[in-house]
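Presented below is the structure to which this report refers.
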DNA sequence: GACTTGACTAGAC
DNA sequence: AGTCTAGCCAAGT
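In the working numbering, the protein residues as written are 2 to 114.
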């Protein structure tokens with residue numbers, strides 16, 4: 002299993018309407034310093050992988066190449082309901098939490114009385 | 001193996 | 001707020 006294959010597999014699990022950052026995905030793969038390689042892996046991704054759901058740490062879109070437009074990615078995200086503010090995805094609301102999101106809410110047990 | 005290339009990022013101005 | 005820089009490292013030559 003190459004790193005590239007692991008990245009593509011993980012990106013396929015990002016649900017519609019959510020985004021993840023390069024660094025976040027790298028950390029999920031237990032390779033926290035390989036953010037650049039996540040981008041590199043996405044370079045040749047086919048239509049089967051939702052590459053548009055990956056943005057940089059600032060929530061903005063990174064250019065795929067000199068000529069490539071960033072509009073395609075933004076339009077795709079907005080069509081899924083992702084909201085941009087001042088050119089950035091509102092990460093606080095749309096970041097994919099990964100497996101942590103489905104963890105039991107043990108915090109709700111605490112009561113006042 | 002020794003370079004080279006970047007869809008990156010945190011920190012420092 | 002933006003702009004630079006150094007460090008990063010999987011893949012491709």
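By construction, the Cβ of each residue, glycine as well, lies at the ideal position given by its N, Cα and C atoms.
These figures come from a predicted structure and were not determined experimentally.
In angstroms with no decimal places, state the Cα-to-Cα distance between residue i and residue j.
i	j	result
residue 78	residue 6	23 Å
residue 90	residue 49	23 Å
residue 86	residue 92	10 Å
residue 83	residue 62	13 Å
residue 68	residue 56	18 Å
residue 42	residue 80	24 Å
residue 66	residue 73	13 Å
residue 99	residue 2	21 Å
residue 76	residue 97	19 Å
Beta carbon of residue i: closer than 7 Å to some heavy atom of the ligand ZN?
i	result
residue 88	The ligand ZN is not part of the structure shown, which contains no ligands of any sort.
Can you list, in chain order, the residues of its chain with a C-beta nearer than 6 Å to that of residue i? Leave out the 5 residues immediately preceding and following it.
i	result
residue 54	15 and 20
residue 39	8, 23, 26 and 27
residue 60	89, 90 and 92
residue 58	22 and 24
Among residues of its own chain, excluding the 5 on either side of residue i, which ones have a beta-carbon nearer than 8 Å to its beta-carbon?
i	result
residue 64	71
residue 4	30, 32, 35, 38 and 42
Just checking my contact of residue i with residue j at CB under 8 Å: how many whole Å lie between their CB atoms?
i	j	result
residue 95	residue 18	7 Å
CB-CB under 7 Å to residue i, same chain, minus the five flanking residues each way: which ones, in chain order?
i	result
residue 52	12, 43 and 46
residue 113	Only weak support exists for where residue 113 lies, its pLDDT of 32 falling under 50; the coordinates are left without a value.
Mind listing, in chain order, the continuous alpha helix (DSSP H) runs of no fewer than 4 residues lying wholly within the region 20 to 65? Correct list: 23 to 29 and 36 to 43.
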